[in-house]
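Student:
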Amino acid sequence: RLSGQVEADVREHFGDKVYKTVIPRNVRLSEAPSFGLPAIVYDMRSTGSQAYIQLAREVIRREREISAAQAAA
Numbered sequence: 009r010l011s012g013q014v015e016a017d018v019r020e021h022f023g024d025k026v027y028k029t030v031i032p033r034n035v036r037l038s039e040a041p042s043f044g045l046p047a048i049v050y051d052m053r054s055t056g057s058q059a060y061i062q063l064a065r066e067v068i069r070r071e072r073e074i075s076a077a078q079a080a081a
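Quick note, in the numbering used here, the sequence shown goes up one by one and the last residue is 81.
(1) Thinking Arg93 and Ser54 are a contact (beta carbons under 8 Å), I'd like their distance in whole angstroms, please.
(2) Below 8 Å, can you find three or more Cβ-Cβ pairs linking the segment 36-47 to the segment 12-19?
(3) Buried or exposed: where does Gly56 fall if 16 or more other Cβ atoms within 10 Å of its Cβ makes it buried?
(4) Going by other Cβ atoms of all chains shown within 10 Å of its Cβ, with 16 needed for buried, is Tyr27 buried or exposed?
(5) Ile61 and Ile48: beta carbons closer than 8 Å?
Laid out in structure tokens, this is it:
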């Protein structure tokens, strides 16, 4: 409940600057460093890894939008 409230507060304060993707708590994410591997290599199908992949897509999309807006200006 606390993490949900913190998320809501951050989103309210920072608005569109906050990415939509949420990285969930996930056992597979926690295990990956013990094996010396990035989470997406350790278990690409885990919900945590999929969330990081989604975040990467979101970051790339946002950067492209910013670059396009700057080029048009």
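Just so you know, even glycine gets a beta-carbon here, dropped at the ideal spot from N, CA and C.
Tutor: In brief:
(1) In the structure as shown, the chain begins at 9 and stops at 81. Residue 93 is therefore absent and cannot be evaluated.
(2) Cβ pair count under 8 Å is below three, so no.
(3) Sixteen is the threshold: when 16 or more other Cβ atoms of the shown chains lie within 10 Å of the Cβ of Gly56, as they do, the residue is buried.
(4) For Tyr27, the number of other beta carbons within 10 angstroms of its own is below 16, and it is reported as exposed.
(5) Here Ile61 is near Ile48, since their CB atoms are less than 8 Å apart.
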